[in-house]
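As they're listed, the protein sequences go chains A and B.
At position 316 of the first sequence (counting the first as 1) the number is 316 in full-length UniProt numbering, and the numbers step up by one without a gap.
At position 108 of the second sequence (counting the first as 1) the number is 108 in full-length UniProt numbering, and the numbers step up by one without a gap.
Cβ atoms here follow ideal geometry from the backbone N, Cα and C, with glycine treated the same way.
Computed from a predicted model, the values in this text were never measured in an experiment.
Number of protein chains: 2
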Amino acid sequence: MATIKDVAREAEVSTATVSAVINDSAYVSPALRARVLSAIDALGYAPSQVARNFKHGRSQLIALVVADLANPFYSRLVWAAEADVSAWGYSLVVFNSDEKPDNEKRILSRVRMLGCDGVLLVPVGDEDHYPVRDTRRWPPTVLYGRSFNRDNMDTVTLDNHEAARLATNYLLDLGHRRIGSIAAPTHLNTGRDRLAGMIDAMAARGVTPRPEHIRSGDFREQMAYSVAREMLKQPDRPSALYVANGLMALGVMRALSDLGLRCPEDISIVSTDTVSGPGGLRPQLTRTEHPLEEMTYEALRLLVDRIQHGNSRPPGNVVFTPSLVLGDSCAPATDG
Amino acid sequence: MATIKDVAREAEVSTATVSAVINDSAYVSPALRARVLSAIDALGYAPSQVARNFKHGRSQLIALVVADLANPFYSRLVWAAEADVSAWGYSLVVFNSDEKPDNEKRILSRVRMLGCDGVLLVPVGDEDHYPVRDTRRWPPTVLYGRSFNRDNMDTVTLDNHEAARLATNYLLDLGHRRIGSIAAPTHLNTGRDRLAGMIDAMAARGVTPRPEHIRSGDFREQMAYSVAREMLKQPDRPSALYVANGLMALGVMRALSDLGLRCPEDISIVSTDTVSGPGGLRPQLTRTEHPLEEMTYEALRLLVDRIQHGNSRPPGNVVFTPSLVLGDSCAPATDG
DNA sequence: GTATACCAGCTAAACGTTTCGCTGAGTATG
DNA sequence: CATACTCAGCGAAACGTTTAGCTGGTATAC
Numbered sequence: 001m002a003t004i005k006d007v008a009r010e011a012e013v014s015t016a017t018v019s020a021v022i023n024d025s026a027y028v029s030p031a032l033r034a035r036v037l038s039a040i041d042a043l044g045y046a047p048s049q050v051a052r053n054f055k056h057g058r059s060q061l062i063a064l065v066v067a068d069l070a071n072p073f074y075s076r077l078v079w080a081a082e083a084d085v086s087a088w089g090y091s092l093v094v095f096n097s098d099e100k101p102d103n104e105k106r107i108l109s110r111v112r113m114l115g116c117d118g119v120l121l122v123p124v125g126d127e128d129h130y131p132v133r134d135t136r137r138w139p140p141t142v143l144y145g146r147s148f149n150r151d152n153m154d155t156v157t158l159d160n161h162e163a164a165r166l167a168t169n170y171l172l173d174l175g176h177r178r179i180g181s182i183a184a185p186t187h188l189n190t191g192r193d194r195l196a197g198m199i200d201a202m203a204a205r206g207v208t209p210r211p212e213h214i215r216s217g218d219f220r221e222q223m224a225y226s227v228a229r230e231m232l233k234q235p236d237r238p239s240a241l242y243v244a245n246g247l248m249a250l251g252v253m254r255a256l257s258d259l260g261l262r263c264p265e266d267i268s269i270v271s272t273d274t275v276s277g278p279g280g281l282r283p284q285l286t287r288t289e290h291p292l293e294e295m296t297y298e299a300l301r302l303l304v305d306r307i308q309h310g311n312s313r314p315p316g317n318v319v320f321t322p323s324l325v326l327g328d329s330c331a332p333a334t335d336g
Numbered sequence: 001m002a003t004i005k006d007v008a009r010e011a012e013v014s015t016a017t018v019s020a021v022i023n024d025s026a027y028v029s030p031a032l033r034a035r036v037l038s039a040i041d042a043l044g045y046a047p048s049q050v051a052r053n054f055k056h057g058r059s060q061l062i063a064l065v066v067a068d069l070a071n072p073f074y075s076r077l078v079w080a081a082e083a084d085v086s087a088w089g090y091s092l093v094v095f096n097s098d099e100k101p102d103n104e105k106r107i108l109s110r111v112r113m114l115g116c117d118g119v120l121l122v123p124v125g126d127e128d129h130y131p132v133r134d135t136r137r138w139p140p141t142v143l144y145g146r147s148f149n150r151d152n153m154d155t156v157t158l159d160n161h162e163a164a165r166l167a168t169n170y171l172l173d174l175g176h177r178r179i180g181s182i183a184a185p186t187h188l189n190t191g192r193d194r195l196a197g198m199i200d201a202m203a204a205r206g207v208t209p210r211p212e213h214i215r216s217g218d219f220r221e222q223m224a225y226s227v228a229r230e231m232l233k234q235p236d237r238p239s240a241l242y243v244a245n246g247l248m249a250l251g252v253m254r255a256l257s258d259l260g261l262r263c264p265e266d267i268s269i270v271s272t273d274t275v276s277g278p279g280g281l282r283p284q285l286t287r288t289e290h291p292l293e294e295m296t297y298e299a300l301r302l303l304v305d306r307i308q309h310g311n312s313r314p315p316g317n318v319v320f321t322p323s324l325v326l327g328d329s330c331a332p333a334t335d336g
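See the structure below:
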C-alpha cells in the first residue's frame, strides 16, 4: 500500500502538502495540487484511516452490544443502529453477549481495547457487576432498553410498567380474569417492571393472579416453550397470558400448538416488544410495541453528543411510551 | 488514558520491558515483572489496540456487508458471523448496502479506509461494477451467497438451481401444473439460477410455466406483495407458487390474506432460504433451507486463511446443497 | 531602499506501540 | 587472569498521519 510519503516523493512535495490537499486543510497552489492529485492517482493511494485514527486518538467505531442476536428484536436494533451510525459518520461493530454476564465482560474489555468511540449497550448483568463507569477509562456509553439505578449514565428505555399495564388491561377488558404470565428474568428491571405492571393492572380491578400462573422465562423461545407447556398442561390453566417479550410469545405459540390448544379460542396471548413478521401469518400477535427506530435514533443522538462534547451535559434518561397493537391472538373470555 | 510510557515511568523500567511483560514476548525477571504489573494496576492501564494495530498494519476487524439487514436471513447471517468472527479473535463491523450498488461502493471504500483485515460480502451490483480486486489494494474478500464469474475470488454459495428444482418438484409431485414464481432479480446469478431450476424442473415433466405467472421481485416483502397481489387477482391464477426467498414469501402470504385466499387450500407456496420463525405460527412455510451456519463458518474459514496466508492457496469456491423442509403451506392440486 | 506583512510550503515532532540491536554485568572457559 | 559467552534490560527507530512552527521569497507601504 502506498503511503503519504510515497505520494510526496512522487509529486516532489512534502507530506504536509499532500496532507493539506487530501484534507483541504490549507491553501495549496493549483500547480502543486494538480501534481499531488495525479501522484495519488498514479499510486492508487488512499489515506490510512488506521493511522489517522491513531493520530487523533479515535476509531470512528461505535460498538453495539446486544443481549441476544438471535432475537428478532435485536436484529431490528442492529438494522436501525447501522443506519443511524453510518449517517453520523461512524461504523458499527456488533457484539452478542448472549445474555451471559461473562461474555459481556469480555466484550466490554475488547471494546475498550479496540478503542471504540462509544458504546450502545443492552446490559445483561446485574448492577454491581459493571466496572465503574469512570469516564477517564471508559468510552461514552448509553444503556438501551434495560438500565439500572445509576443516575449518572445516559439511558434510553421503555416504560415497561405501562407496557404490561396496557397489555393486561386489554385482556381484562375482554373479560379475562385467570390471567397468567411468562415473565422476564426478575434480576433485570425490565422483568420486574413488566411483572409489576401486570399485577398492578389486575389489582386495580380487584384481581390477583395465581402464583402458579406466573413463571419466569429468560427472554428466549426454548425456555418459554417448556415453561408454557408445563403451565398449560394443568387443568386450571389460565385463559390468557401476558408474555414478557415477542420471542417467548412464539415459544408459547409452539407449546399451544403441541398441546392441541388454539389461539385465541382456547388461550389469548398478549406480548410486549414483538417484532412480528409481516402480515399473512396467523395468528398475528396482539402486543405492545417499542418505538424502536425512535429509541435507537435517540440513543445514538445521546451517544454522539457525549462523544463530541464530553461530560458537559447532565445524563439523559429518555423513557419511551409503548403502544398497543391489535392482532388476532386474543378473544373474549368464555368463563365470565 | 494511561500509556505504556506512564507505566514505564511508574515502574521505573523501559517501555520495552513493559511491552515484554504485557505480551509475554521476552523473559523478564520476577522482580521487574511484579513492579510492572502493579504499575499497570495502579494506573488502570490497558494497551491501546489502535496503536498496536497501527504498528502491525492490521485492524482485527472483519467487515460484513449484507444486501438487506431488514431481511431475517441476513439477520441470521449477522448472528452466525458474529459468533465465528469473535471465535477467530476478530470483531465484526456490519454494513447494509440495502440492495443498492451505490451504497455498496461507498461501503467498500469505507471498509478499505478503516483498514478492515477482511471482507465478507453479499454483492448487490452486477459484475463489472466492482473495483478490480487487486490484492495489493484490497483486503481479502469472500463472496457470500451471490457471486459472479470471477474465478479468482473465494466464494461460498448455494446450489440455487438445485434449490429451485427441489422446491418445484415437490409442487409437481403434489400434482400442481399451473405453477408460477415470484422470482429474484435476474441481474444476479442467484435470481437466474433459481428461475432456471424451476423451469428446468417443470420442463422435465413436460410442463411450461405461463409467462404471466412468472414475475420478478427484488427480494423484499413489499414488492413481492404488490406483484403477487396483481398476479393472483387474475382469474387464471396459478395453483402454486415458487417464491425465490423467504421474505418475499411473507409478502405473498400477506397478499393472499388480503385477497381472501387461503394457503394452502387455494394456493400452495414453496420458497427458498426462509428462516421461519419458531413453530406455532401458521402456516409454516415449506421451503428449501440454506445450511447457513455451515456456510458462514466455511466463508470465515476461507477468509481468515486468506488473511493469514495470503495468496498461496488457489481460490476456493464452495457450493452448498439446500434441503427441502416441509411445512404446511402446500396442498395437493385440486385441478389435476 | 528599507522595513513590514503576508503566505506557500517545508521541517520535524508527536501519537502509543513493538522490536532490533546494543550495553554491561555476570558466568563459564581456557 | 583474560577472554568469550549469555542474557536481562534498555535506547531508539519505525509505523502513517497531522500540525505547530519555521523559512524564505514576494508584495506592499513608507
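For chain A, check one thing: does any of its Cβ atoms lie closer than 8 Å to the Cβ of residue 354 of chain B? Residue coverage of chain B in this structure runs from 1 to 336, which leaves residue 354 of chain B outside it and unanswerable.
On the CB-based measure, 16 or more other CB atoms within 10 Å of its CB, does residue 45 of chain B come out buried or exposed? By one-based count along the second sequence, residue 45 of chain B stands at place 45. So residue 45 of chain B ends up on the buried side.
Sequence-distant residues of its chain with Cβ nearer than 7 Å to residue 107 of chain A (five each side left out): By 1-based counting over the first sequence, the position of residue 107 of chain A is 107. The answer, listed in chain order, is 65, 95 and 97.
How long is the line joining the alpha carbons of residue 333 of chain B and residue 265 of chain B, rounded to whole angstroms? Here residue 333 of chain B refers to the residue found at position 333 when the second sequence is read from its first residue. Here residue 265 of chain B refers to the residue found at position 265 when the second sequence is read from its first residue. Near 9 Å, if we compare the C-alpha coordinates of residue 265 of chain B and residue 333 of chain B.
What is the C-beta distance between residue 17 of chain A and residue 32 of chain A, in whole angstroms, given that I count them as a contact (C-beta under 8 Å)? The residue given as residue 17 of chain A occupies position 17 in the first sequence. The residue given as residue 32 of chain A occupies position 32 in the first sequence. At roughly 6 Å, the Cβ-Cβ gap stays under 8 Å, so residue 17 of chain A and residue 32 of chain A are in contact.
Who are residue 147 of chain B's beta bridge partners in DSSP? Taking the first residue of the second sequence as 1, we reach residue 147 of chain B at position 147. Answer is none; residue 147 of chain B lacks a bridge partner.
Does the distance from the C-beta atom of residue 175 of chain A to that of residue 306 of chain A stay below 8 Å? Your numbering for residue 175 of chain A matches position 175 in the first sequence. Your numbering for residue 306 of chain A matches position 306 in the first sequence. No. Outside cutoff.
Which residues, taken in chain order from the stretch 321–336 of chain B, show a beta carbon closer than 9 Å to some beta carbon of chain A? none
Can you list the residues of chain A that residue 53 of chain B reaches, using a CB-CB cut of under 7 Å? Residue 53 of chain B sits at position 53 when you count from the first residue of the second sequence. Result: 50.
Where the beta strand (DSSP E) through residue 64 of chain A begins and ends: Position 64 of the first sequence, counting from 1, holds the residue named residue 64 of chain A. It spans 61–66 - the beta strand (DSSP E) in which residue 64 of chain A sits, taken as one unbroken run.
At the 8 Å Cβ level, is residue 19 of chain B part of the contact set with chain A, yes or no? Walking along the second sequence from the start, residue 19 of chain B turns up at place 19. No - not a single Cβ of chain A is within 8 Å of the one on residue 19 of chain B.
Quick check on residue 194 of chain B: buried or exposed, where buried means 16 or more other Cβ atoms within 10 Å of its Cβ? For the purposes of this step, residue 194 of chain B is taken as the residue at position 194 of the second sequence. Residue 194 of chain B comes out buried.
Pair within 8 Å by beta-carbon distance, residue 345 of chain B and residue 207 of chain B: No answer is possible for residue 345 of chain B: it lies beyond the span of chain B, which begins at 1 and ends at 336.
Using only alpha-carbon positions, find the residue among B:250, B:236 and B:103 that is nearest to residue 217 of chain B. The residue you call residue 217 of chain B lines up with position 217 of the second sequence. Out of B:250, B:236 and B:103, B:250 has the C-alpha closest to the C-alpha of residue 217 of chain B.
If I follow the unbroken beta strand (DSSP E) through residue 118 of chain B, where does it start and stop? On the second sequence, position 118 is the one that residue 118 of chain B refers to. Counting along the chain, the beta strand (DSSP E) containing residue 118 of chain B begins and ends at 118–121.
C-beta atoms of residue 15 of chain B and residue 22 of chain B nearer than 8 Å: The residue you call residue 15 of chain B lines up with position 15 of the second sequence. The residue you call residue 22 of chain B lines up with position 22 of the second sequence. No, these two residues do not count as a Cβ contact at 8 Å.
In angstroms, rounded to a whole number, what distance separates the CA positions of residue 83 of chain A and residue 8 of chain B? Mapped onto the first sequence, residue 83 of chain A falls at position 83. Mapped onto the second sequence, residue 8 of chain B falls at position 8. Going from the Cα of residue 83 of chain A to the Cα of residue 8 of chain B covers about 42 Å.
Count Cβ pairs between the stretch 305–322 of chain B and the stretch 99–114 of chain B that sit closer than 8 Å; are there 3 or more? no
Report yes if the C-beta distance between residue 254 of chain B and residue 297 of chain B is below 8 Å; otherwise report no. Taking the first residue of the second sequence as position 1, residue 254 of chain B is located at position 254. Taking the first residue of the second sequence as position 1, residue 297 of chain B is located at position 297. No; because the gap between Cβ atoms is not below 8 Å, this pair is not in contact.
Considering only the alpha carbon of each residue, which of B:79, B:158 and B:283 lies closest to residue 189 of chain B? Position 189 of the second sequence, counting from 1, holds the residue named residue 189 of chain B. Among B:79, B:158 and B:283, the Cα nearest to that of residue 189 of chain B belongs to B:158.
Which residues of chain B have a Cβ atom closer than 9 Å to the Cβ of residue 82 of chain A, listed in chain order? Counting from 1 along the first sequence, the entry for residue 82 of chain A is found at position 82. Under the 9 Å cutoff, chain B gives 69, 94, 95 and 96.
Any beta-carbon of chain A closer than 8 Å to the one on residue 114 of chain B? In the second sequence, the residue the question calls residue 114 of chain B occupies position 114. It does: the Cβ of residue 114 of chain B has a partner Cβ on chain A nearer than 8 Å.
Which partner residues of residue 320 of chain B appear in the DSSP bridge assignment? Numbered from 1 along the second sequence, position 320 holds the residue referred to as residue 320 of chain B. Answer by DSSP bridge pairing, in chain order: B:158.
Give, in chain order, every residue of the stretch 216–248 of chain A whose Cβ lies closer than 7 Å to some Cβ of chain B. 221
Tell me the DSSP secondary structure of residue 9 of chain A in three-state form. Indexing the first sequence from 1 puts residue 9 of chain A at position 9. Reduced to three states, the DSSP call for residue 9 of chain A is helix.
Own chain, CB closer than 6 Å to residue 90 of chain A, minus 5 neighbours either side, in chain order: Mapped onto the first sequence, residue 90 of chain A falls at position 90. If we look at residue 90 of chain A and ignore the five residues flanking it on each side, its Cβ neighbours are 60 and 62.
Residue 27 of chain A classed as buried or exposed, judged by whether at least 16 other C-beta atoms fall within 10 angstroms: Position 27 of the first sequence holds residue 27 of chain A. When all chains shown are included, residue 27 of chain A counts as exposed.
Residue 124 of chain B versus B:68, B:109, B:281 and B:141, residue with shortest Cα-Cα distance: Position 124 of the second sequence holds residue 124 of chain B. Selected option, being the one with the closest Cα: B:68.
Quick one, are the C-beta atoms of residue 240 of chain A and residue 268 of chain A less than 8 Å apart? Locating residue 240 of chain A in the first sequence gives position 240, where the first residue counts as 1. Locating residue 268 of chain A in the first sequence gives position 268, where the first residue counts as 1. Taking 8 Å as the Cβ cut-off, residue 240 of chain A and residue 268 of chain A qualify as a contacting pair.
Considering only C-alpha positions, which residue in the set A:71, A:270, A:93 and A:86 is nearest to residue 164 of chain A? Mapped onto the first sequence, residue 164 of chain A falls at position 164. Residue A:270 is the option with its Cα nearest to residue 164 of chain A.
When you compare the CB positions of residue 172 of chain B and residue 324 of chain B, do they come within less than 8 Å of one another, or not? Counted from its first residue, the second sequence places residue 172 of chain B at position 172. Counted from its first residue, the second sequence places residue 324 of chain B at position 324. The answer is no: Cβ separation not under 8 Å.
First through last residue of the alpha helix (DSSP H) which encompasses residue 107 of chain A: As a first step, residue 107 of chain A must be located in the first sequence, where it is residue number 107. Here the alpha helix (DSSP H) through residue 107 of chain A covers 101–114.
Chain A contacts from the stretch 247–269 of chain B (Cβ-Cβ distance under 7 Å): 250, 251, 253, 254, 256 and 257
Which residue spans inside the stretch 231–297 of chain B form an unbroken alpha helix (DSSP H) run of at least 4? 246–259
Among A:77, A:41 and A:114, whose alpha-carbon lies nearest the alpha-carbon of residue 274 of chain A? Taking the first sequence and counting its residues from 1, one reaches residue 274 of chain A at position 274. Minimum Cα distance to residue 274 of chain A is reached at A:77.
Cutoff 8 Å: residue 44 of chain B Cβ touching any chain A Cβ: For the purposes of this step, residue 44 of chain B is taken as residue 44 along the second sequence, with counting starting at 1. Chain A, which has a Cβ nearer than 8 Å to the Cβ of residue 44 of chain B, makes this yes.
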